[in-house]
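A.B. asks:
In this note's numbering, the protein residues as written are 563 to 946.
1. What's the call for residue 728, buried or exposed, on a 16-neighbour Cβ count within 10 Å?
2. Would you please state the rounded distance, in angstroms, between the beta carbons of residue 682 and residue 705? I believe it to be under 8 Å.
3. Look up residue 896 in the DSSP assignment and say whether it is helix, strand or coil.
4. Which class does residue 706 belong to by DSSP, given the choice of helix, strand or coil?
5. Would residue 929 pass as a contact of residue 677 if the rule is Cβ separation under 9 Å?
6. Among 747, 575, 935, 602, which residue has its Cα nearest to the Cα of residue 614?
7. How would you label residue 877, buried or exposed, when you count the other beta carbons within 10 angstroms and need 16 or more for buried?
8. Considering only DSSP beta bridges, list what residue 640 is partnered with.
9. Report the three-state DSSP secondary structure of residue 544 (helix, strand or coil).
10. Which class does residue 594 belong to by DSSP, given the choice of helix, strand or coil?
11. What do you reckon, are the CB atoms on residue 731 and residue 713 nearer than 9 Å?
12. Name the one or two DSSP bridge partners that residue 935 has.
13. Could you give the distance in angstroms between the alpha-carbon of residue 903 and the alpha-carbon of residue 827?
14. Only counting runs of 4 or more residues, tell me where the alpha helix (DSSP H) segments fall wholly within the segment 741 to 809, in order along the chain.
15. Evaluate residue 752 with the Cβ neighbour count: other Cβ atoms within 10 Å of its Cβ, from every protein chain shown; 16 or more gives buried, anything less gives exposed.
16. Who are the Cβ neighbours of residue 868 in its own chain at under 7 Å, not counting the five residues just before and after it?
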């Protein structure tokens, strides 16, 4: 009880410190957790560097790296994820607010009723907007940064079908993909004699780790692979038992690693193959590194039962076969044989995936610059 009161006190003082600057218009980034930073980083770096802008960065994570950076162009605030966060959103004014958190105005996080706030959504995944997200997840934003043409088409179709107001769409790109492309020349294999497989699934009741995680890992280890399990942060929040069971089952096996610090890209860069389900990480891996993905065909991740109302297939469905191969859950012999085949065929996928990257993602290698310039234009048009 006492610890909770102290934490609330610290967070409330951070909110008061933020509110002290409410008189002047500001560019405000809000981070739901520390995993937002990789998506904001290229934009923030360009804003505060090349463009010399001062920003506020408000985070709900005490582990957010921004809190320790000490950048003089960044005013950082740690407000937590409880009552103080609700007060933060209720009292916003005179701000351009940038978020990677969907569902604005759908639940407890509401648009402020105070004047002068423009809400911008930055994509935190390459997946489509109409199947993996809830209905209405993006309806209350003013501007949406689109990672690729599919986001533009889906947003306009949603507006048309449901009679929504027309939003401002920016052909942005995808910062995490740019970071993978930037870091990929530094790839180093720890042990080239043992092929390395990265198991990086989505989260949810039908996802790999929540359903067939242990037999998948066991089959791959028995086949002689080195296996890194990289769970989505929501898996730890919602199904920690699955991760604890994996850790206990394979404790002491030198070829097994459970990696929960997803801010690091080392395992992503070093893996010879990714195994996934409906995770956006599969698109990042294949399009960023030019390496194939093996999909375990668990049921689709559907958070919007009405996604079929839109006349286009979600990108995570339409490009699946272009990224690699698909096996049925439970067919562990096929899992291992297809893993070997895809690893041996990596060079044949490289050019195909490069062309697909240019087709499906805007402004490859330039998303930070494009995003920062778009925010400055929005800010100056509204507050200049």
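Glycine included, every Cβ here is placed at the ideal spot set by N, Cα and C.
This one's a predicted model, so the numbers in the text were calculated from it and none came from an experiment.
C.D. replies: By the coordinates alone:
1. Exposed is the call here.
2. A Cβ-Cβ separation of about 5 Å places residue 682 in contact with residue 705 under the 8 Å criterion.
3. In the structure shown, the three-state DSSP call for residue 896 is helix.
4. Residue 706 falls in the strand class under three-state DSSP.
5. Not closer than 9 Å, so no.
6. Minimum Cα distance to residue 614 is reached at 935.
7. Result: buried.
8. Per DSSP, 621.
9. Residue 544 falls outside the range modelled here, since the chain spans only 563 to 946, and no answer is possible.
10. DSSP places residue 594 in the coil class of the three-state scheme, outside both helix and strand.
11. A Cβ-Cβ contact shorter than 9 Å links residue 731 with residue 713.
12. Answer is none; residue 935 lacks a bridge partner.
13. Roughly 25 Å separates the two Cα atoms.
14. Scanning the segment 741 to 809 for uninterrupted alpha helix (DSSP H) segments of 4 residues or longer gives 770 to 773, 775 to 784, 795 to 800, listed from N- to C-terminal end.
15. Reliability fails at residue 752, whose pLDDT of 47 lies under 50, so the model's placement of it is uncertain and no value is given.
16. Within the same chain, residue 868 has close Cβ partners 697.
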